[in-house]
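I have placed the structure first, in the form of structure tokens, so that the comments after it can refer back to it.
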Amino acid sequence: MKTTALLLASALLLPATGAFAQSFAFTAPEADLRELVGCHSAASHPATPAAGTVVTYFGVETSHNTQHEQFARLRQVVEASKPTLVFFEKPDLGVDSSESLTITRLGESGYARYLAQQHGAKAERLDDPLAEYDYLRARLEPSQLKLYYLLRVARQYQLSTGASRAQVRQAMAALIAQSSYWLPGTEQVVPNVAALQATYRAQCPSGHWEQAAMAGPSGRAATFMAAIEAQVREYRAQRLQRQVAEAQGERVLVVLDRAHLPAAPATLAQAKPRR
4 MKTTALLLAS ALLLPATGAF AQSFAFTAPE ADLRELVGCH SAASHPATPA
54 AGTVVTYFGV ETSHNTQHEQ FARLRQVVEA SKPTLVFFEK PDLGVDSSES
104 LTITRLGESG YARYLAQQHG AKAERLDDPL AEYDYLRARL EPSQLKLYYL
154 LRVARQYQLS TGASRAQVRQ AMAALIAQSS YWLPGTEQVV PNVAALQATY
204 RAQCPSGHWE QAAMAGPSGR AATFMAAIEA QVREYRAQRL QRQVAEAQGE
254 RVLVVLDRAH LPAAPATLAQ AKPRR
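Taking the working numbering, the leading residue of the sequence shown gets 4, the next gets one more, and so forth.
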């Protein structure tokens, strides 16, 4: 069961190929599951740099395609800004032996680390999923917290893998079975898939959780998810503010989801990549 749940989490964050996601699922330590599941981008407010600190923001989208223009642009930005500190999102899975392999296996996050290594810059993770989970846990009812994470993972899993409705249902059952492990504090709510639908209907009177997983939340479900996402963005913004403020005297490059770039950054390297 834990292997199945970890496979789901791996596919969520590393959708390059099914084969890689499967191999990763069997080699990643079980202790990484909560961190793997709890990762997504958000940073909605500009951070104030410390005196002497230069901050550049670079917006990316999830891609493992070496021909995607964002990778060439990111390299150009690194060469021009000469960062001494690079912030990236998602788990730190290191780099591969070459530029192309790093992109193919590890996407934009891995490539940010690769460029940092090539240019002698420090690389640090921007987000903290465990702290983010605790932040939400202090503000939401256990049933709301669990429903939010389950819906988010189910939808992103389906998008990453193209899973069928039956496969999503099977994966969800595995995740719920291990929820005491990766969603602590929610053990007494949503104990199975049937209870998930009842909890979903309590928040969203019409529809079915499987529909939200297959086609994305709509109506009341979208409102429910958006309200919690707003809290996540606020937490991410506060964390980014602290990290940038603490980077005294550094030339900082922040690589994050382009949909959540700060509104008025010090230097905006890329607001929206050209297609």
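Positions of the beta carbon are idealized from the N, C-alpha and C atoms, including for glycine.
Computed from a prediction, not measured in an experiment: that's the story for all the values here.
For a test of the three-state rule: what should DSSP assign to residue i, helix, strand or coil?
i, result
"LYS149", "helix"
"GLY188", "coil"
"LEU162", "helix"
"ARG254", "strand"
"VAL62", "A small fix is needed here, since residue 62 is Gly in this sequence, not Val. Three-state DSSP puts GLY62 in a strand."
"VAL98", "coil"
"ASP131", "coil"
"VAL290", "A question about residue 290 goes unanswered here, because the residues of the chain that appear run from 4 up to 278."
"THR202", "helix"
"SER103", "helix"
"GLU111", "helix"
"SER209", "coil"
"ARG142", "coil"
"LEU154", "helix"
"LEU118", "helix"
State the start and end residues of the unbroken alpha helix (DSSP H) segment that holds residue i.
i, result
"GLU232", "223-249"
"ARG128", "Not the alpha helix (DSSP H): ARG128 falls in the beta strand (DSSP E), residues 125-128."
"ALA215", "212-218"
"GLN170", "168-180"
"ALA75", "72-84"
In whole angstroms, what is the alpha-carbon distance linking residue i and residue j?
i, j, result
"ALA45", "LEU133", "Here ALA45 scores only 33 on pLDDT, less than 50, and its place in the model should not be relied on; the value that follows carries that caveat. In a straight line, the C-alpha of ALA45 is about 15 Å away from that of LEU133."
"VAL258", "GLN246", "13 Å"
"ARG242", "LEU96", "21 Å"
"ARG2", "HIS67", "Past the edges of the chain, shown from 4 to 278, lies residue 2, and the structure says nothing about it."
"GLN206", "LEU150", "9 Å"
"HIS211", "THR65", "28 Å"
"PRO194", "SER112", "34 Å"
"ARG128", "ALA115", "11 Å"
"SER182", "THR189", "7 Å"
"GLN170", "GLU72", "33 Å"
"GLY222", "PRO208", "10 Å"
"TYR152", "GLN173", "16 Å"
"THR164", "GLY252", "42 Å"
"LYS125", "LEU154", "35 Å"
"SER101", "LYS85", "20 Å"
"GLN147", "PHE61", "33 Å"
"GLN25", "GLN161", "Residue placement at GLN25 cannot be trusted, given a pLDDT of 24 that sits under 50; what the coordinates show is reported in the next sentence. Answer to the nearest angstrom: the Cα atoms are 15 Å apart."
"PHE29", "ALA119", "Low confidence applies here, because PHE29 scores a pLDDT of 21, under 50, leaving its location unreliable; read the following figure in that light. Taking the straight line from one Cα to the other gives about 28 Å."
"VAL192", "ARG204", "14 Å"
"VAL255", "THR87", "6 Å"
"GLY123", "VAL89", "10 Å"
"GLN347", "GLY219", "Because the chain spans 4 through 278 in this model, residue 347 falls outside it and cannot be assessed."
"LEU199", "VAL81", "45 Å"
"ARG288", "ALA197", "The requested residue 288 is not part of the displayed model; the chain covers only 4 to 278."
"ILE231", "ALA166", "25 Å"
"THR202", "GLU249", "42 Å"
"ALA83", "ARG76", "10 Å"
Tell me whether residue i counts as near the ligand GDP, meaning its Cβ is closer than 7 Å to at least one heavy atom of that ligand.
i, result
"ARG254", "Absence of the ligand GDP from the depicted structure is noted, as is the absence of any ligand whatsoever, leaving it without description."
Which one or two residues does DSSP pair with residue i in a beta bridge?
i, result
"VAL89", "ALA126 and LEU256"
"VAL57", "ARG254"
Is residue i close to chain B? Criterion is C-beta to C-beta, closer than 8 Å.
i, result
"ILE106", "Annotation note: the requested chain B is absent from the structure, which comprises a single protein chain."
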